[in-house]
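Peer 1: Using the working numbering, the first residue of the sequence shown is number -12, and each one after it goes up by one.
We put the CB at the ideal spot given by N, CA and C, even for glycine.
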Amino acid sequence: MTTRLDTRPDIHRVEADLQDTLVELTDLAMQAKQAHWNVTGPRFLPLHAQLDKLATGLRTAADEVAERAAALGYAPDGRSDTVARESPLLVIPAGALTDQGVVKIMVRALDVVAKRVSMRVQHLEQLDPVSQDLLITVAHDLEKQRWLFDAQQS
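Structural data, given as structure tokens:
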């Protein structure tokens, strides 16, 4: 039996914020990897490498969020069916993807997740400063990645 570190009623909101972030980061990491495998075009090589680095960073961030949830006594749920059901992201197209198409997909997806995580940062300010600090770092990284992809749009 797991014992919660915090039994405040608002801990359920913290858990929900962490779970939603976990789902979004997991889906975004899978989308980045899917794009990594299927990108085509003149910018294949730099995008292929950038997408791989993005996917790795997102998986690391998802792991940190899940571990924070577990430290609070909440069992994080990153199962594929949960992610598919709860993610707000659009489904990435199957098959080959043009380099410019991949850039647009990544900018849109990073924008969605960065905005949602930033809203949670504000929400967590009074509820759980430790979780807030974690999500500040996640938001920073998402915004930086969005900028790096956005700079490639023509």
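Could you spell out the range, first to last residue, of the alpha helix (DSSP H) harbouring Ser141?
Peer 2: The sequence position of residue 141 within the sequence shown is 154, counting from 1. Element bounds for Ser141: n/a, residue is neither H nor E.
Peer 1: Thinking C-beta only, is Leu84 closer than 8 Å to Gln132?
Peer 2: The sequence position of residue 132 within the sequence shown is 145, counting from 1. The sequence position of residue 84 within the sequence shown is 97, counting from 1. No, the pair does not count as a contact, with Cβ atoms beyond the cut-off.
Peer 1: Could you tell me whether the region 73 to 83 touches the region 42 to 53, where touching means 3 or more Cβ pairs closer than 8 Å?
Peer 2: Cβ pair count under 8 Å is below three, so no.
Peer 1: Could you check which residue in Val104, Lys20, Phe136 has the C-alpha nearest to that of Val94?
Peer 2: Numbered from its first residue, the sequence shown carries residue 94 at position 107. Among Val104, Lys20, Phe136, the Cα nearest to that of Val94 belongs to Phe136.
Peer 1: Alpha carbon to alpha carbon, how far is Pro33 from Leu111? Give it in angstroms, no decimals.
Peer 2: Translated into positions along the sequence shown, residue 111 becomes position 124. Translated into positions along the sequence shown, residue 33 becomes position 46. Roughly 36 Å separates the two Cα atoms.
Peer 1: I'd like the list of long-range same chain contacts for Thr(-11), defined as Cβ closer than 6 Å, with 5 residues on each side in sequence excluded.
Peer 2: In the sequence shown, the residue the question calls residue -11 occupies position 2. In this prediction, Thr(-11) has a pLDDT of 49, which is less than 50 and means its spatial position is unreliable; what the coordinates show is noted afterwards. If we look at Thr(-11) and ignore the five residues flanking it on each side, its Cβ neighbours are Gly60.
Peer 1: Starting from the C-beta of Ala3, find all residues in its chain whose C-beta is less than 7 Å away, skip the five residues before and the five after it, and write them out in chain order.
Peer 2: Along the sequence shown, read from residue 1 onward, the residue named residue 3 stands at position 16. Closer than 7 Å at the Cβ level, and outside the excluded window around Ala3, lies no residue.
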